[in-house]
Structures are given as C-alpha cells and as structure tokens.
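Each protein sequence line maps, in turn, to chains A and B.
In terms of my numbering, the first sequence opens at residue 16 and continues consecutively.
In terms of my numbering, the second sequence opens at residue 21 and continues consecutively.
Okay, so here's the structure we're looking at.
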Amino acid sequence: MVTRAETNAKATALRAVFEREGAQVVEPPMLQPAGTLLDLYGEDIRARAYVTSDALRGEQVLRPDFTVPVVQMHMAEGAEPARYTYAGEVFRRQERHADRPNEYVQVGYEVFERADPAASDAEVFALIAQALGDLPVRAVTGDIGVLMAVVDGLQTSQLRKDALMRHIWRPRRFRALLDQFAGRTPVPPSRRALLAGEITCDAPLVGLRSHREIEARIAALKADADVAPIKTRDVDMIEALLDIAAPMPGALGRLHDLSVDLPAIIPAVARVSTRMDALSARGIDVSSLMFEASYGRTSMEYYDGFVFGFKARDHVDMPPLATGGRYDALTRRLGKGTEIPAVGGVMRPGLILELESRA
Amino acid sequence: MTLKLGVPSKGRLMEKTFQWFAARGITLARSGSDREYAGVVDGIDNVSLVLLSAGEIPRELAAGRIHLGVTGTDLVHEKLALWEQSVKRVEELGFGHADLILAVPKAWIDVDTLHDLDAAAAAFRRAHGFRMRIATKYHRLVREFLRAAGVADYALVDSQGATEGTVANETAEAVADITSTGETLRANHLKLLGDGLILRSQATLWQSRTASMDKAERASLQELLRRLG
C-alpha cells in the first residue's frame with residue numbers, strides 16, 4: 016500500500032524534473048468556479064466532478080484537473096512562451112466503479128509556445144517518458160486532428176460536417192450520424208411527414224425557443240434532404256483511418272496512402288510526420304511507438320491534435336500512468352479572442368509507486 | 021429484534037400498500053392519530069412498521085436500517101448508484117405506475133426524437149448563448165439517459181415540483197418528469213418525445229442486501245416472503 020507521504024514525495028520529485036526544464040510552478044485553487052467547467056463540458060462534468068456551492072459564490076467545483084485553470088491563468092496574465100508545472104490533488108466523482116479513487120495526486124507540465132508545435136509535442140512526451148524511466152509501460156499516441164481533417168474534407172454540406180465535428184468525441188453518436196448522412200438509416204415517418212409539410216400544430220408555443228427557430232430548423236432539414244448522401248467510399252475511408260493501429264512508421268505509411276484519396280488530410284498527416292521526426296530527435300524509439308488513430312476519442316477531454324498515454328504493460332486493470340495532448344482549441348475558447356498553441360501532460364505518482372511495488 | 025418494513029407515510033401510495041398487504045392477510049395501520057408517524061402490524065409476528073417519506077426509503081434500505089421497503093423503481097434507480105448491489109427487488113406491487121419521460125413543447129413540430137433534440141439543442145445554444153435547459157428532479161437518470169443517447173449542449177435545472185410549468189415560465193425549454201396519464205403534459209402544451217421514455221416505474225417491494233439479520237429476523241423474513249409469495 017502506497018502512503019500519502021510517499022505519493023507526495025514522489026510528486027515533488029517529478030515536479031522538480033519539470034522545474035529543471037525552466038517550468039514555473041503554479042498552484043491553482045482546489046475550488047474552481049463551476050461556470051467555466053459547466054460551459055465547457057456541460058452536464059457530463061456533474062457526473063465526473065464534485066459540484067458544491069455556497070450562498071455567496073454559488074456553484075463551485077472541486078478541481079477535476081489542472082489544465083483548465085492553468086489555461087485560464089495563462090490566457091489572463093501569462094507571458095509567451097511559457098512552461099508551467101504543478102503537483103496536487105484532483106477529485107473525480109465515481110458512480111460506477113467503487114474501487115477507483117475519487118481523489119488522487121497529479122503532476123503536470125504544460126507548454127504554451129507558438130514557434131514549433133511538433134517540437135513542443137515531442138518535448139512533453141519525451142520528458143514524461145524519461146520521468147517514467149524503466150517502468151514496464153507501453154506508450155500509445157494518436158492525433159485527433161487527422162480525424163477532424165477527414166471530416167472537414169468530406170464532400171458534403173457544412174451542416175453535416177459541423178454535426179459530425181460536434182460529436183467527434185462521442186463515437187457512437189458519430190457513427191449514427193455518419194450512417195444517417197450516408198443514407199444507411201431509413202428516414203423516420205415523422206421526419207418524412209414534416210418535410211412534406213404535413214405536420215401542423217394548433218397548440219400554443221410555450222417557452223423561449225421561438226417560431227423563427229423552429230422554422231429555421233425545418234428549412235435546414237429540407238435543405239439537408241436534398242444533399243447527396245456521403246459516398247460509401249468516404250465512409251470506408253473514415254473506417255480505414257479509425258482502424259489504423261500500428262507502430263509509427265507503418266501507421267504513417269497508411270496515413271500517406273489515405274491522403275492520396277483524401278488530399279484534405281495532407282497537412283494533418285504532415286504534422287504527424289514532423290512530430291515523428293521531432294520525437295526521434297528527442298531520443299524516442301519511434302519504430303516501436305504505437306500510433307492509434309482512434310486513441311483519445313472516448314475521453315471527455317479537450318484534445319484536438321496530438322494525444323498520448325502510458326499504460327502499465329502487464330496490468331490492464333490499471334488506469335494510464337500518464338496522459339496528455341494538444342489543446343489549441345481550449346485556449347481559443349478560454350482566451351476571449353486570443354489563442355495560443357498549447358500541449359501538456361499529467362502523471363499519477365500514486366500509480367507509478369504502485370506499479371514499482373508490483374514489479 | 022424485529023424485522024423492519026418501511027412504507028410510505030402518506031397518501032395513495034401508503035393506502036395502496038396497506039391494501040396490498042391486507043390482501044395477503046397482513047394488516048398494516050398507523051397507530052394513534054392520523055398525524056402520528058408510528059405504525060402497527062397484525063397478522064404476522066416480529067415485524068415492525070416504519071413510516072417514511074417514499075424518497076427516503078431507498079437510502080434507508082441501502083444503509084441497512086430497514087430490511088424491507090416499498091417505494092417506486094424511479095426513486096431507487098435515481099438515488100442509489102449501483103442499486104443492484106444494495107437492494108433486491110422482491111415484488112412489483114402493480115400500482116403507482118408512472119413513467120419517467122422527456123417532453124418538449126408540442127409546437128416544436130421539428131423535434132420528435134432524441135436525435136432532433138440534440139440538433140435543436142446545438143442551434144438553441146448558438147442562438148441564445150446558453151445550453152438548452154431541461155427541468156427535472158431526476159438528475160442522475162436523465163443525465164445517464166442523455167449521455168447514452170449522445171445528446172449534448174443541454175443543462176439540467178433542478179425542479180422539485182410543478183416541473184411541467186417551467187417551460188411556460190421560461191426557466192426551462194424541456195422537462196423530464198414522471199407521468200402516469202400524460203394529462204399534465206397536455207395541459208401544459210408539452211409532448212413526449214418518440215424515444216423519450218427514460219424509465220417505467222411502479223411501487224415495488226425491495227429487500228435490503230446490506231441489513232444485518234439475527235436468527236429471529238431471518239425467520240420472520242422467510243415467513244413474510246412465504247405469505248407474500
């Protein structure tokens with residue numbers, strides 16, 4: 016059993032690794048105003064974070080991670096470029112898995128830098144890989160940006176692309192939408208009647224959503240009914256992309272093959288390639304480093320580019336010891352008109368010690 | 021000690037529960053005045069009646085402070101995470117039927133399914149700058165249901181009563197509430213979504229999996245279950 020004191024000592028030691036890289040130590044408050052997180056994540060945050068309140072400040076959240084407050088702090092007052100590190104507890108509500116901890120210590124490193132995103136990606140990954148040392152872990156990488164580029168490059172209406180983009184992180188919903196847009200699911204009778212103008216309603220309209228909004232959606236649905244289905248070839252291509260799970264050189268080869276048919280992904284694939292070189296330059300053995308195109312899609316995170324995780328090789332039940340990724344879009348959303356490329360990662364000292372004791 | 025049976029302390033649910041037990045030869049009654057929340061049990065030995073708010077019965081069962089309890093499926097599912105681990109369903113009692121459903125204004129002719137709701141929620145958020153609000157007191161059930169369906173851009177707002185009125189009052193755009201006949205929905209110009217049934221509920225007798233029992237209590241439980249079966 017790993018004690019709290021041991022975990023804290025390990026956390027301090029890991030944070031020192033990042034401090035030596037010139038990172039500034041930050042200590043965001045444990046209680047965060049709920050508004051920002053609710054706006055970012057919606058109701059899902061209530062299922063995963065502890066929301067509490069008082070009569071003066073209203074709803075507060077026990078921080079479920081450090082990234083959001085660090086980004087807020089940087090966007091408000093940070094100098095550029097910037098590197099931050101932190102160590103402390105995060106709190107996660109557990110309603111399904113009583114055996115998972117609801118509080119644990121995270122140590123993190125966040126890089127805000129415009130110059131060379133691939134180098135920043137590689138820097139974060141390599142520092143974490145080094146800090147994990149000889150532990151029996153397996154790293155997986157991915158890139159949400161490639162899937163986004165595929166969606167963006169589809170030959171279909173902007174409305175359909177937006178709908179798919181909105182559900183990139185909800186694989187089942189994404190799949191259902193794709194099937195629908197490819198004409199693979201039958202149009203429900205209620206929708207057919209609506210499009211034919213056969214639905215009327217004499218009930219008074221109650222609530223904030225106006226007649227104009229209802230009319231606008233009906234108009235959009237009518238326009239959408241005339242849009243040609245997404246080609247089977249394109250759906251197959253998305254599947255082919257999501258199926259990619261191979262060491263980096265092989266995965267990159269398949270990405271290059273896909274980009275022949277789908278030129279829209281060429282810039283995103285080039286970013287993967289540049290990153291591979293940057294990782295290699297940092298001493299990472301990319302020939303055995305896994306790349307999985309669907310990695311990072313089911314977590315509720317804000318990553319929109321490079322993603323990675325380190326898992327214990329022989330303990331599938333163990334959560335990842337470290338995770339991270341690029342979150343440029345988050346800085347845009349929290350930046351109130353400004354943005355900056357950003358990448359970061361967190362480690363869990365408690366799990367690292369547990370794995371050491373099991374090994 | 022005696023076997024503790026928790027029963028809703030007032031209203032139709034209490035009366036119907038008393039009738040259901042009476043039909044099986046067990047008389048439950050409130051002792052003393054109508055205002056006193058104490059009960060008596062006749063027709064079986066070593067069983068005591070605990071009168072409680074229906075909403076508190078799941079918690080008492082899970083804590084093992086009562087051995088058996090009558091309350092709705094909706095309340096057990098909402099209040100107890102991993103409810104299968106703390107309570108066991110003994111018998112559905114055949115009354116107190118109610119469905120937890122998701123409803124939107126009837127005039128939303130473009131919204132019939134969860135899929136529509138999700139699309140409308142996205143447009144609503146763009147137009148109004150905040151998430152589409154759904155009023156309910158069943159936060160956990162509704163959230164899990166909508167997450168499984170992949171609905172985004174909504175927010176739950178708490179409503180402990182008169183939930184159907186929140187839409188007309190413009191404090192919510194949609195509601196998730198219990199309905200038995202749909203009358204209240206119609207009166208408030210709302211309609212049920214085609215795939216908006218979240219849970220079917222009825223009054224149910226539950227057994228606590230956590231309450232400890234001595235030999236006498238165990239015997240009483242066996243006898244009670246025999247009489248009810």
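The C-beta atom is built at its ideal place from N, Cα and C for all residues, glycine as well.
Positions along the stretch 197-214 of chain A whose CB lies within less than 8 Å of some CB in chain B = PRO203, SER205, ARG206, LEU209, ILE214
Nearest CA to the CA of ARG206 of chain A: which residue from B:ASP130, B:GLU203, B:ALA139?
-> B:ASP130
For SER228 of chain B, which residues does DSSP report across the bridge?
-> B:VAL107
For GLY123 of chain A, which residues from the same chain have a beta carbon less than 7 Å from its beta carbon, with the 5 sequence-adjacent residues on both sides left out?
-> PHE81, THR100, TYR101, GLY359, GLY360, VAL361
Give a yes or no on whether 9 Å exceeds the smallest Cβ distance from GLY214 of chain B to chain A.
-> yes
Go through its chain and collect everything with a Cβ distance to LEU122 of chain B's Cβ below 7 Å, but skip five positions before and after it.
-> ALA194, ALA196, LEU213, GLY216, ILE218
For ARG220 of chain B, write down the residues that DSSP places opposite it in a beta bridge.
-> B:ASP119
Taking 9 Å as the CB-CB cut-off, is HIS97 of chain B touching chain A?
-> no
Residue from A:GLN170, A:ASP249, A:VAL161, A:PRO79 with nearest C-alpha to LEU267 of chain A = A:VAL161
Own chain, CB closer than 6 Å to GLU112 of chain B, minus 5 neighbours either side, in chain order | GLN222, THR224
Does the beta carbon of ARG61 of chain A sit closer than 9 Å to a beta carbon anywhere in chain B?
-> yes
Status (buried if at least 16 other CB within 10 Å, exposed otherwise) for ASN208 of chain B | buried
Contact between the stretch 207-221 of chain A and the stretch 265-282 of chain A (3+ Cβ pairs under 8 Å) = no
Quick one: is ARG348 of chain A near chain B, going by C-beta distance under 9 Å?
-> no
Measure from the C-beta of VAL187 of chain B to each C-beta in chain A and report whether the shortest distance is under 9 Å.
-> yes
Can VAL322 of chain A and GLY157 of chain A be called in contact, C-beta distance under 9 Å?
-> yes
How close, in whole Å, do the beta carbons of LEU256 of chain A and VAL86 of chain A come, if the pair is a contact with beta carbons under 8 Å?
-> Going by Cβ atoms, the distance from LEU256 of chain A to VAL86 of chain A rounds to 29 Å, so no, they are not a contact pair.
Look at the Cβ atom of MET45 of chain A, then the Cβ atom of LEU349 of chain A, and state whether they are nearer than 9 Å.
-> no
Would you please verify whether the beta carbon of ARG229 of chain B is less than 9 Å from any beta carbon of chain A?
-> no
Checking contacts by CB at 9 Å: is GLY78 of chain B closer than that to chain A?
-> Correcting the residue type first, residue 78 of chain B is Pro in the shown sequence and not Gly. Not an interface residue.
Where LYS176 of chain A falls: helix, strand or coil (DSSP) | helix
Could you tell me which chain B residues have their CB closer than 8 Å to the CB of PRO219 of chain A, listed as they occur along the chain?
-> ALA127, HIS209
What's the call for VAL19 of chain B, buried or exposed, on a 16-neighbour Cβ count within 10 Å?
-> In the structure as shown, chain B starts at 21 and stops at 249, and residue 19 of chain B therefore has no counterpart that could be examined.
Look up TYR101 of chain A in the DSSP assignment and give the residues it is bridged to.
-> A:GLY123
Does the distance from the C-beta atom of ALA137 of chain A to that of ALA296 of chain A stay below 9 Å?
-> yes
8 Å contact criterion, which ARG151 of chain B and GLY57 of chain A should meet: CB distance rounded | 6 Å
Quick one: what's got a C-beta closer than 8 Å to LYS36 of chain B's C-beta in the same chain, skipping five residues either side?
-> LEU113, PHE115, GLY116, ALA223
Ordered along the chain, which non-local residues of its own chain (more than five positions away) have a Cβ less than 8 Å from that of ALA188 of chain B?
-> ASN208, HIS209
Distance between PRO151 of chain A and ASP329 of chain A (C-alpha atoms, nearest Å) | 8 Å
Say whether chain B places a C-beta atom closer than 9 Å to the C-beta of ARG72 of chain A.
-> no
Ordered along the chain, which non-local residues of its own chain (more than five positions away) have a Cβ less than 8 Å from that of GLY168 of chain A?
-> LEU277, PRO278, ALA279, ILE280
Is the CB-CB distance between ARG85 of chain B and ALA236 of chain B below 9 Å?
-> no
Mark MET16 of chain A as exposed unless 16 or more other C-beta atoms lie within 10 angstroms of its C-beta, in which case mark it buried.
-> exposed
Compare the C-beta of ARG175 of chain A against all C-beta atoms of chain B and say whether one is closer than 9 Å.
-> no
Cβ-Cβ distance between PRO79 of chain A and ARG98 of chain A below 9 Å | no
Chain A contact residues for ALA142 of chain B, given Cβ-Cβ distances below 9 Å | ASP177, ALA178, ARG181
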